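Here the protein sequences line up with chains S and Z, keeping their order.
Just add 2 to the spot in the first sequence (first one is 1) and you have our numbering.
Just add 796 to the spot in the second sequence (first one is 1) and you have our numbering.
Note that beta-carbon positions come from the ideal geometry of N, C-alpha and C, so glycine has one too.
Since this is a predicted model, take the numbers as computed values, not measurements.
Heads up: the structure comes next, in C-alpha cells.
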Amino acid sequence: MKTLKIEELSKNFGTTEVLKKINLEIDEGNFLVLLGPSGCGKSTLLNIIAGLETINEGNVFIDDYNVSKVEPKDRNIAMVFQSYALYPSMNVKENMVFGLKQAKTSKEKIEEQLTKVSSFLQVDELLNRKPSQLSGGQRQRVAIGRALVREPRIFLFDEPLSNLDAKLRVEMRREIKKLHQKLKTTVVYVTHDQTEAMSLGTKIAIMNHGVIQQNESPEIIYNKPSNTFVADFIGSPSMNLIKGKLNENSDKISFTAEGANFDIPINSYDFNNTSELNNKEVYFGIRPEHIYFKKSNEGDFEVNLRADLSEYIGHEQIMTFDLANQELLAKFPSTIKIELNKETKLYFDLTQVSLFDSITQERL
Amino acid sequence: MQAKTSSSNYKQLEQKSRYTNIFLRWFLYFVLILFASYFIFPLYVMVVTSLKTMEEIRQGTLLTWPSGLNFDAWAVAWGGRGYGAGDTFLKPYFWNSLKMVIPAVFFSTFIGAMTGYVLTKWRFKGDSWVFLFLLFGCFIPFQAILLPMARTLGALGISNSIIGLVLVHTVYGIPFTTLFFRNYYVSIPTELVKAARIDGAGFFKIFFKILLPISAPIIVVTVIWQFTQIWNDFLFGSTFSFGEAAPIQVALNNMVLSSTSVKEYNVDMASAIIAGIPTLIVYVLAGKYFIRGLTSGAVKG
Chain S
3 MKTLKIEELS
13 KNFGTTEVLK
23 KINLEIDEGN
33 FLVLLGPSGC
43 GKSTLLNIIA
53 GLETINEGNV
63 FIDDYNVSKV
73 EPKDRNIAMV
83 FQSYALYPSM
93 NVKENMVFGL
103 KQAKTSKEKI
113 EEQLTKVSSF
123 LQVDELLNRK
133 PSQLSGGQRQ
143 RVAIGRALVR
153 EPRIFLFDEP
163 LSNLDAKLRV
173 EMRREIKKLH
183 QKLKTTVVYV
193 THDQTEAMSL
203 GTKIAIMNHG
213 VIQQNESPEI
223 IYNKPSNTFV
233 ADFIGSPSMN
243 LIKGKLNENS
253 DKISFTAEGA
263 NFDIPINSYD
273 FNNTSELNNK
283 EVYFGIRPEH
293 IYFKKSNEGD
303 FEVNLRADLS
313 EYIGHEQIMT
323 FDLANQELLA
333 KFPSTIKIEL
343 NKETKLYFDL
353 TQVSLFDSIT
363 QERL
Chain Z
797 MQAKTSSSNY
807 KQLEQKSRYT
817 NIFLRWFLYF
827 VLILFASYFI
837 FPLYVMVVTS
847 LKTMEEIRQG
857 TLLTWPSGLN
867 FDAWAVAWGG
877 RGYGAGDTFL
887 KPYFWNSLKM
897 VIPAVFFSTF
907 IGAMTGYVLT
917 KWRFKGDSWV
927 FLFLLFGCFI
937 PFQAILLPMA
947 RTLGALGISN
957 SIIGLVLVHT
967 VYGIPFTTLF
977 FRNYYVSIPT
987 ELVKAARIDG
997 AGFFKIFFKI
1007 LLPISAPIIV
1017 VTVIWQFTQI
1027 WNDFLFGSTF
1037 SFGEAAPIQV
1047 ALNNMVLSST
1057 SVKEYNVDMA
1067 SAIIAGIPTL
1077 IVYVLAGKYF
1087 IRGLTSGAVK
1097 G
C-alpha cells in the first residue's frame, strides 16, 4: 500500500500545461521533497494533492483510495503555507483548534490534542496571543501546530521556510527534520532551495516544466543525476558540463573535450547502454568538489590547466580554469594558494563523473 | 588658513539657512491659515445666521455676531410653526432619510463584501469580465438610468416609497462597494482561504469567520462612502419620491424654495445644518477606526 500515489496526472490553466502526466508514489513515512525552479508546477502539484486545485486528467490516491474528487477536509491531510496563513482575528489556540472544531471533535479530545501539540512544539506560552504578536519563527511553529493537531496521514509543506531569515531558516529546518524523525508521518514538501531539499528529503523529485526529471534519494540525485537539468540544478556551484566527444578504441573509452589535445579515460564509468559510443557527442560532467589539487585516488586523471579567476568565500575558494576555452570550476579549501594565469596541476576524480548525451541531455 | 575661511563660510551659510527656514515656516502657516479660513467661512456664516432673528439679519451684515444664542430658527426648521397646511419642516423627512440610509448602507456594504470575496477568493471563469461590468456601474451617469429605474420601481409596485429608494441606492452602491472590497481582499493572501478549506470551513464560514473579522478598515471606508452618498443624494430622492416619502434633501429643497412670503434665511441655514449633521457624525465616529490598520503584521513575517 502506498500512502500517496499519483497517476498520469495532467493539469492546465487555460492553454498552459502546468503538469504533464505526472506519476509519483510515496511509501509510508517517507519525506518527499518537490524541488524545482519557480514555475515548474511543484506548488500546483501540492495544491492538487491537498485538493485545492482541480485535476484535468489522472488520479490521486491516498492509502489506495481515489481522492481525486474528495474535498480537502476529507483527505486526511494538513498543510503548512509559506505565509503561515494563520487566521489574523483568532489567537493561537483558536487557530490551532479551528480545524478540529469544524470536524465536530469532542471538547475533551480537542483539549487533549491542544495540550499535547502545544507542549511538543513549545508554544504553550503563546496560546492566548494573536498571530500579529508573534515572531516569524513562532508563527511557523503555530502553523505547524495547526497541522499537527489534526493528526493527518500526510503533511504538506508549501515552501514553509522561505519567509524566514537565513539563520532561523536553518534552525527551523532542523526542527522539521527532528519532527519527522519523531512522528514518522509521510511528508510532501515543496521548496526551491536545494540545501533544504537535500537535508530534509528521503526522496527528492526534481521538477521542470511540469515534468518530474528524477525522483530518487538525495545521494543518487547528487551522484547520478539523470539528465543535464538535474546535474545543473543540484550543487553550488553546479556541475561542470564540458562539451566533447567519446572515443571507443578496442574496449577503451575516452573523452576528448572540444578543442582539447588530451583524452580523459573513462573506463570505470557505468554506462546504461554501451552501444554506439564511438564519436558520440556528449557532455562530460564533473562537480567542482571532485577536482583536486593533489592526487587522492589511484585512478585520478592528471591535467595542467590555466587558472583564470578566483572567488574567495571564506571556508573555501572557487577557481575558474580554462579547459580548451570552456570554463571549468573547481572548489578548493581557501588555505591553498593557486596563482592566476598560470598552469596548475589538477586531478579529476573519475569515479565521480557523469556523462550526458548532448542531444537528448539524458545520462549515458 | 584654508580651514578657517571655510569654517566661517559654513557659519554664514548656517545663519542664512536659518533665516530661510524661519521665513518659510511663517509663510507655511500664513498659507494654511488663509485656506483654513476660506473653508471655514461658509460654515461660520451658516451657524451665525441660523442663530440670528430675521430683524438682526436685515440690520447687520453677513459676518456680524448674533446678539445671543437664539435657537428659534432651529426649532422652526426641525418642528415647524405648528399651523396646518403648507408648513414644511424637517423632522419627518429626517426619519425618512434614516429609514432609507441604514438599510441601504447595510445591504450595499454587505453585498459588496460578498461580491469582493467571490471575485478574489473563489475565482471562476470570466470573473474579470464580471468585475469589469461592475466597474461600468461606477461610471454610468445616474441621469441615464432614471427612466428605466422608474419603470422598474413601478413594475415592482414600490415607487414613491422608502423601500424603492433603498433598492435604488443598494443597486447603485454595489459597484463602488464591490470595488472597495475586491481591492482590499486582493491584498489578503489566498493561502488563508486554502488553510481554512483544509480545516473544513465552507464558503460562508470562511467569509464570516476569517475574512469579515479582518475587514474593519475597509468596512469603515465603505460605510462612510455609502452613507455620504445616500444621505446627500438629491437626484434619486427627488425623482422616485415626493410628498411624505421624500428624504431629507428633497424636503430641504422644498422648504427653501417654496416659501411664498419672506425668505427666512435663519431657518434655511438651520435646516441645511441639520441635513448635514448625520454625515458629520459618521465621519467623526468612524474616522477613528479609519486609520487603524487592523491586519498589520498578522499574515506576513
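Any beta carbon from chain S within less than 8 Å of residue 1009/Z's own beta carbon?
yes
State yes or no: is the C-beta of residue 34/S within less than 8 Å of the C-beta of residue 190/S?
yes
Answer with yes or no whether the minimum CB distance from residue 191/S to chain Z is below 8 Å.
no
What span of residues does the alpha helix (DSSP H) with residue 176/S cover, start to end?
168-185
Could you round the C-beta distance between residue 874/Z and residue 887/Z to whole angstroms and report it? I think they count as a contact, below 8 Å.
6 Å
Report buried or exposed for residue 1113/Z, applying the criterion of at least 16 other Cβ atoms within 10 angstroms of its Cβ.
Beyond the ends of chain Z as shown, which are 797 and 1097, falls residue 1113/Z; an answer cannot be given.
Using 8 Å as the Cβ pair cut-off and three pairs as the minimum, do the stretch 1005-1018 of chain Z and the stretch 980-995 of chain Z touch?
yes
Does DSSP put residue 1009/Z in a helix, a strand or coil?
helix
Closest residue to residue 960/Z among 1059/Z, 848/Z, 897/Z and 1075/Z (Cα-Cα distance):
897/Z
Does DSSP put residue 323/S in a helix, in a strand, or in coil?
strand
Beta-carbon gap between residue 144/S and residue 88/S smaller than 8 Å:
yes
Alpha carbon of residue 962/Z to alpha carbon of residue 900/Z, nearest angstrom
5 Å
Do you know how far the Cα of residue 286/S is from the Cα of residue 364/S?
12 Å
How about the stretch 278-298 of chain S and the stretch 232-250 of chain S: do they share at least three Cβ pairs that are nearer than 8 Å?
yes
Indicate whether the contact test is met: 3 or more Cβ pairs, each with one atom in the stretch 967-981 of chain Z and one in the stretch 902-921 of chain Z, closer than 8 Å.
yes
Could you check if residue 1078/Z is buried or exposed, using at least 16 other CB atoms within 10 Å of its CB as the buried criterion?
buried
Using a Cβ-Cβ distance under 8 Å, would residue 995/Z count as near chain S?
yes
Please check if any C-beta of chain Z sits within less than 8 Å of the C-beta of residue 81/S.
yes
With 8 Å set as the bound, which would you pick, yes or no: does the beta-carbon of residue 75/S sit closer than that to a beta-carbon of chain Z?
yes
Indicate whether at least one CB of chain S lies closer than 8 Å to the CB of residue 1006/Z.
yes
Beta carbon proximity, residue 988/Z to chain S, threshold 8 Å
yes
Pick from 64/S, 344/S, 132/S and 104/S: whose alpha carbon is nearest that of residue 50/S?
64/S
Runs of 4 residues minimum, wholly inside the stretch 94-178 of chain S: which ones carry the alpha helix (DSSP H) assignment?
94-104, 109-122 and 138-150
Indicate whether at least one CB of chain Z lies closer than 8 Å to the CB of residue 54/S.
yes
Locate the alpha helix (DSSP H) running through residue 992/Z, then write down its first and last residues.
987-994
For the ligand PLP, I want to know if residue 303/S counts as a neighbour, meaning its beta carbon is within less than 7 Å of at least one of the ligand's heavy atoms.
Although the ligand PLP was asked about, the structure shown includes no ligands whatsoever.
To the nearest angstrom, how far is it from the Cα of residue 255/S to the Cα of residue 269/S?
6 Å
With burial defined as no fewer than 16 other Cβ atoms inside 10 Å of the residue's Cβ, what is the status of residue 52/S: buried or exposed?
buried
If you drop the 5 nearest sequence neighbours on each side, which residues of the same chain put their C-beta closer than 8 Å to that of residue 1019/Z?
901, 905, 1078 and 1082
Coarse secondary structure for residue 205/S, derived from DSSP in three states:
strand
Just the Cα atoms here: how many angstroms apart are residue 252/S and residue 279/S?
12 Å
Identify each residue in the stretch 102-118 of chain S for which the Cβ-Cβ distance to at least one residue of chain Z is less than 8 Å, and report them in chain order.
104 and 105
Three CB pairs or more closer than 8 Å across the stretch 991-1006 of chain Z and the stretch 1058-1066 of chain Z
no
Distance, Cα to Cα, residue 803/Z vs residue 820/Z?
26 Å
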